[in-house]
Amino acid sequence: MRVLLTTLNAKYIHVNLAIRILYELNRDRKGLEWKEFTIKEDKDEVADFCKEFDVIAFSCYIWNITQTLEVIKRIKALNPKIKILLGGPEVSYDWDDVISIPEVDYIIVGEGEIPFTEFLDQYPNIESVSNLVRKENGNVIHTPKSVSFDVKDLATIMPYRNDAPETLANRVLYIETSRGCPYKCEFCLASLDNKVRYLPMENIKATLLYLMEHGRVVKFLDRTFNIKKDFTLEIFNFILDNHKPGNVFQFEITADILHPEIIKFINEKVPVGLFRFEIGIQTVNQKANLEVSRKQSFDKTKGIIQQLSSKIEMHLDLIVGLPLDYWADIKFSFEEVFKLFAPELQLGF
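The numbering of the sequence shown is my numbering, which starts it at 10 and goes up by one.
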């Protein structure tokens, strides 16, 4: 059986960490391959590459779901026998409409490591694969199971082992040090996994060393990197001890809980331009925050940003469309955040 792990990245500079991890965990299996495309590539050429495989597994996100569905229609037109397996956040939590598409055969719901390995083990008899949505005799069948991948099993995994090292320097390289988020903001899929699980520190440092050596921009995928003060400082110290000229590191942080020791450390030790913080302010309107179970002090957040703005490049996020957030509230939030004069202000919907 030939299986292709693939995705359509938004741009060439981006990489997909998920398919690299799934490939590494199953790399000894004969017939398993991986390849990335971009949403701007010719869809017929993508379909032509895929047409000889038995199963195509696509990693789906908000930025590629439309193009992915177009590609799979062309794949099926070339070879109707191919089975299409979808996974990722864009199909995990609202899969009813997607599975109804004739060209979609299977969907893995939620975290993919355990179900994907079970799928490879059991195919074509996949009735007991965890969290798999499938079709049988015109009916949609979902097999929900409470499974959680032990991230300690990633201790020996190097996701970028199979990339040519010289190709990494001009790409944004993603790393995860934890999964889950302690907060319950109802607009965010991360709130569905409230148990924060940390990868083994030795694995984190080994991957970081490799990315610092061969890459330039390293982006941490942790939903709130600064939950644990000691963990945060250990990673920061490791970066300071080992980074190369030109390296840049981006972290997603919650500013109003940033520990004073971390602030002091940054101001005293971190070179200008080495760190970049993405901070999700989302709204200044406390009624809207409370409505979506979000706790945030904008005054504290603003104060932290101002304390660090001379050292850290800031990327600030706002959301339009939250409940109880009306035009006047949105305008006020935009103006208040704009006055912080961050290099980047992102407006999401």
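Idealized CB from N, CA, C, for every residue including glycine.
Worksheet entry | Cβ shell of residue 44 (< 6 angstroms), same chain only, five flanking positions each side left out | The residue given as residue 44 occupies position 35 in the sequence shown. The answer, listed in chain order, is 15.
Worksheet item: Is the CB-CB distance between residue 306 and residue 327 below 8 angstroms?
Response: Counting from one through the sequence shown, the residue named residue 306 turns up at place 297. Counting from one through the sequence shown, the residue named residue 327 turns up at place 318. No; because the gap between Cβ atoms is not below 8 angstroms, this pair is not in contact.
Item to complete: Output the distance between the C-alpha atoms of residue 355 and residue 39, rounded to the nearest integer angstrom.
Response: As a working note, residue 355 is residue 346 in the sequence shown. As a working note, residue 39 is residue 30 in the sequence shown. Taking the straight line joining both Cα atoms gives about 43 angstroms.
Practice prompt. Go through its chain and collect everything with a Cβ distance to residue 301's Cβ below 7 angstroms, but skip five positions before and after it.
Written response: Reading the sequence shown from its first residue, position 292 is the one you call residue 301. These residues qualify, in order along the chain: 194, 195, 196, 331, 332.
Item to complete: Classify residue 55 as buried or exposed, calling it buried when 16 or more other Cβ atoms lie within 10 Å of its own Cβ.
Response: Counting from 1 along the sequence shown, the entry for residue 55 is found at position 46. When all chains shown are included, residue 55 counts as buried.
Worksheet entry | Residue range of the beta strand (DSSP E) that includes residue 183 | If you number the sequence shown from 1, residue 183 lands on position 174. Taken as a continuous stretch (DSSP letters only), the beta strand (DSSP E) holding residue 183 covers 181-184.
Worksheet entry | residue 123 versus residue 266 - alpha carbon distance | Looking up residue 123 in the sequence shown gives position 114. Looking up residue 266 in the sequence shown gives position 257. Each residue's alpha carbon lies about 34 angstroms from the other.
Worksheet item: In three-state terms, what does DSSP make of residue 251?
Response: Here residue 251 refers to the residue found at position 242 when the sequence shown is read from its first residue. In the structure shown, residue 251 sits in a helix (DSSP, three-state: H, G or I).
Worksheet item: Are there 16 or more other CB atoms within 10 angstroms of the CB of residue 357, so buried, or fewer, so exposed?
Response: Indexing the sequence shown from 1 puts residue 357 at position 348. Exposed, by the Cβ-count rule.
Discussion item. Quick check on the burial criterion: 16 or more other C-beta atoms within 10 angstroms. Buried or exposed for residue 289?
Written reply: As a position in the sequence shown, residue 289 is number 280, starting the count at 1. Residue 289 should be labelled buried.
Practice prompt. State whether the stretch 93-104 contacts the stretch 113-127, with contact taken as three or more CB pairs (one from each stretch) at a distance under 8 angstroms.
Written response: yes
Item to complete: Classify residue 315 as buried or exposed, calling it buried when 16 or more other Cβ atoms lie within 10 Å of its own Cβ.
Response: Residue mapping note: residue 315 aligns to position 306 of the sequence shown, counting from 1. Per the 10 Å Cβ criterion, exposed.
Worksheet item: Taking the alpha carbon of residue 22 as the point to measure from, which residue in 181, 41, 136 has its own alpha carbon closest?
Response: What you label residue 22 is simply residue 13 of the sequence shown in a count that begins at 1. Considering only alpha carbons, the answer is 181.
Worksheet item: Can residue 87 be considered in contact with the ligand GTP, in the sense that its beta carbon sits closer than 7 angstroms to one or more heavy atoms?
Response: This structure simply doesn't include the ligand GTP, nor any ligand for that matter.
Worksheet entry | residue 323, enclosing beta strand (DSSP E) - first and last residue | Reading the sequence shown from its first residue, position 314 is the one you call residue 323. Residue 323 -> beta strand (DSSP E) spans 322-328.
Worksheet item: Around the Cβ of residue 131, are there at least 16 other Cβ atoms within 10 angstroms (buried) or fewer (exposed)?
Response: Here residue 131 is taken as the residue at index 122 of the sequence shown, counted from 1. Classification of residue 131: exposed, given that the 10 Å Cβ count is below 16.
Worksheet item: Under three-state DSSP, which class holds residue 292?
Response: Locating residue 292 in the sequence shown gives position 283, counting from the first residue. Note: residue 292 maps to coil in three-state DSSP.
Fill in: Member of 252, 199, 13 whose CA lies at the smallest distance from the CA of residue 220
Taking the first residue of the sequence shown as position 1, residue 220 is located at position 211. Per the Cα distances, 252.
Worksheet item: Counting Cβ pairs, one atom from each stretch, are 3 or more of them under 8 angstroms apart for the stretch 111-118 and the stretch 132-147?
Response: yes
Worksheet item: Cβ of residue 165 within 8 angstroms of Cβ of residue 34?
Response: If you number the sequence shown from 1, residue 165 lands on position 156. If you number the sequence shown from 1, residue 34 lands on position 25. No, these two residues do not count as a Cβ contact at 8 angstroms.
Worksheet item: Pick from 208, 85, 50: whose alpha carbon is nearest that of residue 76?
Response: On the sequence shown, residue 76 is found 67 positions in, with the first residue counted as 1. Answer by Cα proximity: 50.
Worksheet entry | Length-filtered (3 minimum) beta strand (DSSP E) runs lying within the stretch 259-293 | 284-291
Worksheet item: Per DSSP, what kind of secondary structure is residue 132 in: helix, strand or coil?
Response: Within the sequence shown, residue 132 is the residue found at index 123, counting from 1. Coil, per DSSP.
Worksheet entry | Reduced DSSP category for residue 305 - H, G, I as helix; E, B as strand; rest coil | The residue you call residue 305 lines up with position 296 of the sequence shown. DSSP places residue 305 in coil when its eight states are reduced to three.
Discussion item. Applying the 10 Å Cβ sphere with the 16-neighbour rule, what's the burial state of residue 161?
Written reply: The count along the sequence shown starts at 1 and reaches residue 161 at position 152. The residue is exposed, with fewer than 16 neighbouring Cβ atoms inside 10 Å.
Worksheet item: Between the Cα of residue 1 and the Cα atoms of 337, 349, 223, 248, which residue gives the shortest distance?
Response: An answer regarding residue 1 cannot be provided, because it is not within the stretch 10 to 358 covered by the chain.
Worksheet item: According to DSSP, is residue 312 helix, strand or coil?
Response: Sequence index remark: in the sequence shown, residue 312 carries index 303 (1-based). Residue state, collapsed to three classes: helix.
Fill in: Whole-angstrom distance between residue 173 and residue 359, CA atom to CA atom
Summary: the structure shown does not reach residue 359, with the chain confined to residues 10 through 358, and so no result is reported for it.
Fill in: Beta carbon of residue 338 nearer than 8 angstroms to that of residue 310
For the purposes of this step, residue 338 is taken as residue 329 along the sequence shown, with counting starting at 1. For the purposes of this step, residue 310 is taken as residue 301 along the sequence shown, with counting starting at 1. Contact flag unset, no.
Fill in: Segments assigned beta strand (DSSP E), at least 3 residues, entirely inside the stretch 144-214
148-152, 181-184
Item to complete: Give me whichever residues DSSP pairs with residue 68 in a beta bridge.
Response: Sequence index remark: in the sequence shown, residue 68 carries index 59 (1-based). 16, 96, per the DSSP bridge assignment.
Discussion item. Quick check: the Cα distance between residue 347 and residue 263, rounded to an integer number of angstroms?
Written reply: Here residue 347 refers to the residue found at position 338 of the sequence shown. Here residue 263 refers to the residue found at position 254 of the sequence shown. Near 18 angstroms, if we compare the C-alpha coordinates of residue 263 and residue 347.
Worksheet item: From the DSSP output, which residues share a beta bridge with residue 115?
Response: Taking the sequence shown and counting its residues from 1, one reaches residue 115 at position 106. Answer by DSSP bridge pairing, in chain order: 94, 143.
Worksheet entry | The beta strand (DSSP E) enclosing residue 104, as first and last residue numbers | In the sequence shown, counting from the first residue as 1, residue 104 sits at position 95. Unbroken run through residue 104: none, as it is neither H nor E.
Practice prompt. Identify every residue that forms a DSSP beta bridge with residue 353.
Written response: Taking the first residue of the sequence shown as 1, we reach residue 353 at position 344. Partner(s): 324.
Worksheet item: Alpha carbon to alpha carbon, how far is residue 78 from residue 229?
Response: For the purposes of this step, residue 78 is identified with residue 69 of the sequence shown, where counting begins at 1. For the purposes of this step, residue 229 is identified with residue 220 of the sequence shown, where counting begins at 1. Approximately 28 angstroms, taken between the alpha carbons.
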